[in-house]
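Q: So the protein lines, in turn, are chains A and B. All residue numbers for the first sequence refer to the working numbering, where the first residue is 71 and numbers rise by one. All residue numbers for the second sequence refer to the working numbering, where the first residue is 1395 and numbers rise by one.
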Amino acid sequence: MDNTLSHEQHAQIQAHIQAHQHVPGGLMPLLHAIQDDIGYVPEAVYPEIAKALALSVAEVHGVVSFYHHFRTHPIGKHVLQVCRAESCQAMGSEKLEAALKATLGVDYHQTTTDGNVTLLPVYCLGNCGCSPAVMLDDEVYGRMSAEKVTDLIAEVCHG
Amino acid sequence: MVKVYVPIDSTALSLGAERTAKKMMQEAQARGVDVTLIRNGSRGLFWLEPLVEVETAQGRIAFGPVQPKDVAGLFDAIFTDALSDTAKAHPLYLGLTDELAWLKQQQRLTFARVGIIDPISLEDYLAHDGYKGLNNALGLSGADIVKAVTDSGLRGRGGAAFPTGIKWNTVLNAPSEQKYVVCNADEGDSGTYSDRMVMEDDPFMLIEGMTIAGIAVGASQGYIYLRSEYPHALKTLNEAIRKANVAGYLGDDILGSGHTFHLEVRRAAGAYVCGEETSLLESLEGKRGLVRFKPPLPAIEGLFGKPTIVNNVISLATIPIILDKGAQYYADYGMGRSRGTLPIQLAGNLKQTGLVELAFGATLRELLYDYGGGSASGRPIRAVQVGGPLGAYLPESQFDTPLDYEEFTKIWAVLGHGGIVAFDDNVDMAKMARYAFEFCAVESCGKCTPCRIGSTRGVEVMDKIVLGKNHPNNVQLLRDLSDTMLNGSLCALGGMTPYPVLSALNHFPEDFGLSNKEAAA
């Protein structure tokens, strides 16, 4: 087991593996459960997952790496997803992306130096009626401007 | 007691509905007014969200958009009576919701309850014709249910527009101990949000539709494969499924009929290609979402190798009304071979975006200007993409095309899920064509060469064209590459990426540095 994981995290992962090992097609819900709790899917637990679900480690790796949603490393306290799909582009999301990258000082898939925000691209949040849209953690925000997103981040990160 | 409605739909929330709702309750408490707050779905008039409704003897009166700062004034206006002159004089007063032109002109069949009811109230659902379809279905044979779906003319809302009844019939006739019903709730097309609205704003309708599907073909297990980008829909669906189980509308022996149907939501993980039915099935099985070769069809060998119905959210959500009001009732709407209604989603650069449900046959122009009110920026609408990122870009000269599967095929376009994204004249169509390839490269499952390699080479060719390098040869190369992808790809992702690319090139050659003559050559 990865020694960067706490005992509590280790126990959580074990519990999820046990809960999902006999579920038909249980690998995806298992990965979601782990990421929901720990924030990512640690590569160190691939062998345990593989053994419990009668898969090869390569298969587990293959699934984790195939899906954009899953990640293998810890991320910031908050996740900011910026929609890059057509509807948002029609309403100026490109400018929004550039401004956010400049303000946060990061590119996509990177975390701010204070560890607060991880910036991710997303292809459609289903909020196309109010483009451009972003999602901060589990909440969607519509008709965004760089200024509004910056205020939002300040509010969420610093209360 | 005053009954007040504040939407809990994601789009309304994205514009501040939660704060408005909280402020409403605080204000009511401060004033000692007895207010019952109901969190309904969205009526789909997004430029008016958060849309607050107040119940009166004459019906629901709408105010919008209501921000927290407007709440105190709103209470002053409705304190005595939402029908009073003071209320009518309020700047956000919109009148009776049902009389709003946007809503009144629509033909809402699938969306009849959306925005009206409390999404997770089973009582509310039942009070608004909910589960009438299932009750009728329980008195019919599987073959009769399938016949009703076939007779209604319902077609899948994905790219292929395949008749739903034929798909069901194949599953019905496939002998197997175990069959499945799978709802494809992973349609990640830009401009598409009707699925999300169904799941957040009227989830029992989807549950009822899937239950009817299960009973029709003899499937005892259903899965909703839901986009990970929709956390609110996940919460709402799980709560609705829990309630349906408790009340006996799901589970063993549904309503004492002897039929069994279990339903579970499975989260997707942000792979666009998993909106393709065979990739989706692979993912549900816990694998990488690689496209499968067809045949065998999923209707014969689907999830875990068993016969499986795979339908989109809107198709399944349309089943209850067909079983309630009859196949003919549904089929009487529409034109040609496109029967019934289409929930159209107006998105992008439009003044009035939102959900419009109409019988097939309305034109793009009506939707863009009569409903959409023209562009949000006030500049001319130059291009419209219909049917998601794999849909063609249409120029103004094609805005009179009626929304009908066959009419769209004639102009080499697709209707898909009914998502309409408008762009004003600031759009650079060469950039959009490049983006289409880039999107395909990011989302390709990698199984077939045309899609995997073609998309990356497409980005390179587009870059050369934009730089003006060896123009005629690179445009020819672009066409050849598109041709290979169209004809050689395993699924619609690679197979339809040339739609946005070639339509942009053909209709907007000037953006590719070409004259019309060169483009035609």
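In this text, a Cβ means the ideal position worked out from N, Cα and C, and glycines have one as well. As the structure is a computational prediction, the values presented were derived from the model and not from experiment.
Along the chain, where does the beta strand (DSSP E) that runs through B:F1817 open and close?
A: Segment 1813-1818, the beta strand (DSSP E) holding B:F1817.
Q: Which residue comes first and which comes last in the beta strand (DSSP E) that contains B:A1777?
A: Looking at the DSSP string, the run of the beta strand (DSSP E) that includes B:A1777 is 1775-1780.
Q: Could you name the residues of chain A that B:K1681 contacts, counting a contact when the two beta carbons are closer than 7 Å?
A: Per Cβ cutoff of 7 Å: V133.
Q: Tell me the DSSP secondary structure of A:Y137 in three-state form.
A: Here A:Y137 sits in coil by DSSP.
Q: What separation, rounded to the nearest whole angstrom, lies between the Cα atoms of B:Y1399 and A:M161?
A: Roughly 30 Å separates the two Cα atoms.
Q: What is the DSSP secondary structure of B:S1732, reduced to helix, strand or coil?
A: Strand at B:S1732.
Q: Which class does B:N1881 belong to by DSSP, given the choice of helix, strand or coil?
A: Helix, per DSSP.
Q: So, helix, strand or coil for B:A1579, using DSSP?
A: B:A1579 falls in the strand class under three-state DSSP.
Q: To be precise: take each residue of the region 93-114 of chain A, compare its Cβ to all Cβ atoms of chain B, and keep it if any distance is under 7 Å. Which residues remain?
A: Going along the region 93-114 of chain A in chain order, one finds P94, G95, G96, L97, M98, P99, H102 with a Cβ nearer than 7 Å to chain B.
Q: How far does the beta strand (DSSP E) with A:M205 in it reach, from first residue to last?
A: Segment 204-206, the beta strand (DSSP E) holding A:M205.
Q: On the DSSP bridge assignment, give the partners of A:H148 in chain order.
A: Answer is A:V187, bridged to A:H148.
Q: Just mark B:M1395 as buried or exposed, buried being the case when its beta carbon has 16 or more other beta carbons within 10 Å.
A: Flag for B:M1395 reads exposed.
Q: List, from N- to C-terminal side, the alpha helix (DSSP H) runs of 4 residues or more that fit wholly inside the region 1478-1544 of chain B.
A: Here the runs fully enclosed are 1479-1483, 1495-1498, 1516-1521, 1526-1532.
Q: Would you verify that the beta carbon of A:M71 is, or is not, closer than 8 Å to some beta carbon of chain B?
A: Note that A:M71 scores 47 on pLDDT, short of 50, meaning its location in the model is unreliable; the coordinates nonetheless yield the value given after this. Judged by the 8 Å Cβ criterion, A:M71 is not in contact with chain B.
Q: List the residues of chain A that B:F1817 touches, going by C-beta distances under 9 Å, in chain order.
A: Here the neighbours are E156, Q159, A160.
Q: Does the region 1710-1720 of chain B come close enough to the region 1493-1513 of chain B that 3 or more CB-CB pairs lie under 8 Å?
A: Cβ pair count under 8 Å is three or more, so yes.
Q: Thinking just about the alpha-carbon of each residue, which of B:G1410, B:L1744, B:T1544 is nearest to the one in A:K218?
A: It is B:G1410.
Q: How many angstroms separate the CA atom of A:M71 from the CA atom of B:G1810?
A: Here A:M71 scores only 47 on pLDDT, less than 50, and its place in the model should not be relied on; the value that follows carries that caveat. Cα to Cα, the separation comes out at about 47 Å.
Q: Which of helix, strand or coil does DSSP assign to B:P1692?
A: In this structure, B:P1692 counts as coil in the three-state DSSP scheme.
Q: For chain B, find out if any of its Cβ atoms is closer than 8 Å to the Cβ of A:N186; answer yes or no.
A: Chain B, which has no Cβ nearer than 8 Å to the Cβ of A:N186, makes this no.
Q: From the DSSP output, in three-state form, read off B:V1446 for me.
A: Correct three-state label for B:V1446: strand.
Q: For a cutoff of 8 Å on Cβ pairs, would you count B:A1665 as touching chain A?
A: It does: the Cβ of B:A1665 has a partner Cβ on chain A nearer than 8 Å.
Q: Counting only Cβ-Cβ distances shorter than 9 Å, please list the residues of the region 1737-1748 of chain B near chain A, keeping chain order.
A: Residues passing the 9 Å Cβ filter: Q1739, L1740, A1741, G1742, N1743, L1744, T1747, G1748.
Q: Could you check whether B:I1618 and B:V1659 sit closer than 8 Å to each other, using their CB atoms as the reference points?
A: In this structure, B:I1618 lies closer than 8 Å to B:V1659 by Cβ.
Q: Note down, in chain order, every chain A residue with its Cβ under 8 Å from the Cβ of B:Q1779.
A: Those are E156, listed as they occur along chain A.
Q: What residues of chain B sit near A:R141, judged by a beta carbon separation below 9 Å?
A: Here the premise fails: no neighbours, minimum Cβ distance about 11 Å.
Q: Between the region 188-202 of chain A and chain B, which residues of the former have a C-beta closer than 8 Å to a C-beta of the latter?
A: The region 188-202 of chain A vs chain B, Cβ under 8 Å: V192, Y193, C194, L195, G196, N197, C198, G199, C200, S201.
Q: Going by DSSP, what residues sit across from B:K1719 in a beta bridge?
A: Its beta-bridge partners do not exist; DSSP assigns none.
Q: Only counting the same chain, and skipping five residues up and downstream in sequence, which positions put a Cβ closer than 6 Å to that of B:H1656?
A: Once the five neighbours on either side are set aside, the close Cβ partners of B:H1656 are Q1615.
Q: Leaving out five residues before and five after B:M1729 in sequence, what residues of the same chain have Cβ atoms less than 8 Å from its Cβ?
A: A1753, F1754, G1755, P1796, D1798.
Q: Give me, in chain order, the residues of the same chain whose beta-carbon lies closer than 7 Å to that of A:Y178; leave out the 5 immediate sequence neighbours on both sides.
A: Closer than 7 Å at the Cβ level, and outside the excluded window around A:Y178, lie L189, L190, P191.
Q: In this structure, does DSSP put B:E1571 in helix, strand or coil?
A: Here B:E1571 sits in coil by DSSP.
Q: If contact means a Cβ-Cβ distance below 8 Å, which residues of the region 1577-1605 of chain B contact chain A?
A: Those would be G1582, D1583, S1584, G1585, T1586, Y1587, D1589, R1590, in chain order.
Q: Which chain A residues are close to B:T1405, counting only those with a beta carbon under 7 Å from its beta carbon?
A: Near B:T1405 (Cβ distances below 7 Å), the residues of chain A are N197, G199, C200, G212.
Q: For the region 1606-1628 of chain B, which residues have a beta carbon sitting closer than 7 Å to at least one beta carbon of chain A?
A: Here the close residues are S1622, E1623, Y1624, P1625.
Q: Can the beta-carbon of B:V1540 be found closer than 8 Å to that of B:G1559?
A: Yes.
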